[in-house]
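Residues in the sequence shown are numbered consecutively from 2, following this note's numbering. For reference, the structure is listed below as structure tokens.
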Amino acid sequence: MGLVDRVALVTGGSRGIGKAIAWELVGQGCQVGVNYIDFDQNKEQAEELVAEIIQSGGKAFAVKGNVADPSEADAMVHQVVNHFGRIDILVNNAGITRDTLLVRMKEEDWDAVIDVNLKGTFNCCKSAVKFMIKQKYGKIVNIASVVGLMGNVGQVNYGASKAGIIGLTKSLARELAGRNINVNAVAPGFIETKMTESLPESARENLVRQIPLQRLGKPEDVAHLVGFLVSDKAAYITGQTIPVDGGMVMN
Ligand code: NAP
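Below, the structure written as structure tokens:
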């Protein structure tokens with residue numbers, strides 16, 4: 002229960018990796034704003050998760066907003082502060098893919114992925130950091146991807162957005178190191194979520210052959226590392242990008 006009285010915002014927190022991160026933080030006693038975008042099904046998912054967390058004795062509420070929109074990202078952060086009184090932890094997890102080969106990639110596919118994944122991370126950091134600097138305390142974890150480290154066919158937009166997140170993480174970590182704010186990135190490999198469920202069986206088998214631990218990851222595999230990075234046990238770690246990938250990328 003190392004995060005009692007701490008407050009977090011998890012973007013894209015209603016399903017997949019974000020949901021596992023929300024549970025991980027709640028499990029450590031943290032109060033969590035669970036972000037969703039404003040589509041009916043997403044709202045239901047986020048509200049269901051919040052109800053389950055409250056039923057389990059935790060504290061959470063659902064926060065509507067599109068991370069790609071600077072004013073919505075700012076409003077989300079303000080809602081968390083208004084609700085819980087502060088914001089200690091920001092997990093930039095919201096992300097999308099629009100996969101295709103570069104020769105077929107439309108400008109909209111490029112823009113959409115950069116806007117949500119990279120600009121969304123910038124927008125949320127910009128709003129949350131103002132409060133963290135005043136509090137003289139903060140933990141930011143950005144969800145990147147092994148694709149940002151090693152590249153992948155059909156993902157020039159996604160790979161660029163995730164490599165951008167890694168560069169943002171290093172620069173922001175240097176900017177905020179003197180303010181008692183840690184900024185790190187986690188680079189998941191291939192994790193079992195909606196994002197990867199449409200992979201054809203042959204592609205999945207091929208993938209597993211490239212993973213030393215011989216399986217896709219679970220959202221909880223990523224969440225456990227995020228839970229550690231936002232705890233005070235990780236106080237001396239900043240500016241790092243840590244893969245959770247079954248050994249795909251070895252430095
Ligand atoms: P997912 O199941 O598709 O969930 C993505 C989440 O992002 C959803 O909660 C979605 O919200 C949210 N989101 C999308 N656009 C948003 C926006 N504009 N504003 C706010 N929220 C938005 O994907 P996932 O696999 O859990 O991925 C989570 C993160 O991990 C992403 O950044 C992804 O790139 C990264 N990642 C995933 C894998 C993998 O293998 N799954 C590997 C490496 C990295 P709604 O539910 O409201 O649509």
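All residues carry an ideal CB built from backbone N, CA and C; glycine is no exception.
So, residue i versus residue j, is the Cβ gap smaller than 8 Å?
i, j, result
"residue 93", "residue 144", "yes"
"residue 64", "residue 82", "no"
"residue 243", "residue 226", "yes"
"residue 212", "residue 247", "yes"
"residue 23", "residue 76", "no"
"residue 10", "residue 91", "yes"
"residue 223", "residue 69", "no"
"residue 87", "residue 136", "yes"
"residue 190", "residue 251", "no"
"residue 240", "residue 171", "yes"
"residue 119", "residue 166", "yes"
"residue 89", "residue 7", "yes"
"residue 134", "residue 183", "no"
"residue 157", "residue 106", "yes"
Counting along the chain, where does the alpha helix (DSSP H) carrying residue i start and finish?
i, result
"residue 47", "41–56"
"residue 113", "108–114"
"residue 254", "Only positions 2 to 252 of the chain appear in this structure, which leaves residue 254 out of reach."
"residue 71", "71–85"
"residue 223", "220–230"
"residue 124", "121–136"
"residue 204", "202–210"
"residue 149", "148–151"
Closest to residue i by C-alpha separation, out of the options, would be which residue?
i, options, result
"residue 14", "66, 57, 178, 204", "66"
"residue 44", "16, 55, 60, 24", "16"
"residue 197", "187, 209, 119", "209"
"residue 195", "107, 6, 241, 19", "19"
"residue 236", "56, 34, 185", "185"
"residue 220", "25, 153, 175, 7", "25"
"residue 131", "78, 201, 7", "78"
"residue 47", "36, 6, 178", "36"
"residue 5", "58, 38, 202", "58"
"residue 34", "41, 74, 42, 2", "74"
"residue 38", "12, 153, 53", "12"
Along the chain, where does the beta strand (DSSP E) that runs through residue i open and close?
i, result
"residue 91", "90–93"
"residue 34", "32–37"
"residue 97", "Looking at the DSSP string, residue 97 is not in any beta strand (DSSP E), and its letter there is neither H nor E."
"residue 62", "60–65"
"residue 194", "No beta strand (DSSP E) holds residue 194; DSSP gives it neither H nor E."
"residue 245", "242–245"
"residue 166", "No beta strand (DSSP E) contains residue 166, which is instead part of the alpha helix (DSSP H) from 157–177."
"residue 9", "8–11"
"residue 141", "139–144"
Would you please state the rounded distance, in angstroms, between the beta carbons of residue i and residue j? I believe it to be under 8 Å.
i, j, result
"residue 142", "residue 51", "With 8 Å as the limit, residue 142 and residue 51 do not qualify as a contact, their Cβ atoms being about 21 Å apart."
"residue 150", "residue 188", "6 Å"
"residue 169", "residue 122", "6 Å"
"residue 85", "residue 42", "That belief does not hold up - the Cβ atoms of residue 85 and residue 42 are roughly 26 Å apart, past 8 Å."
Contact the region 162–179 vs the region 101–121: 3+ CB pairs below 8 Å: Pairwise C-beta distances place the region 162–179 in contact with the region 101–121, as three or more of them are shorter than 8 Å.
Contact between the region 98–106 and the region 120–136 (3+ Cβ pairs under 8 Å): no
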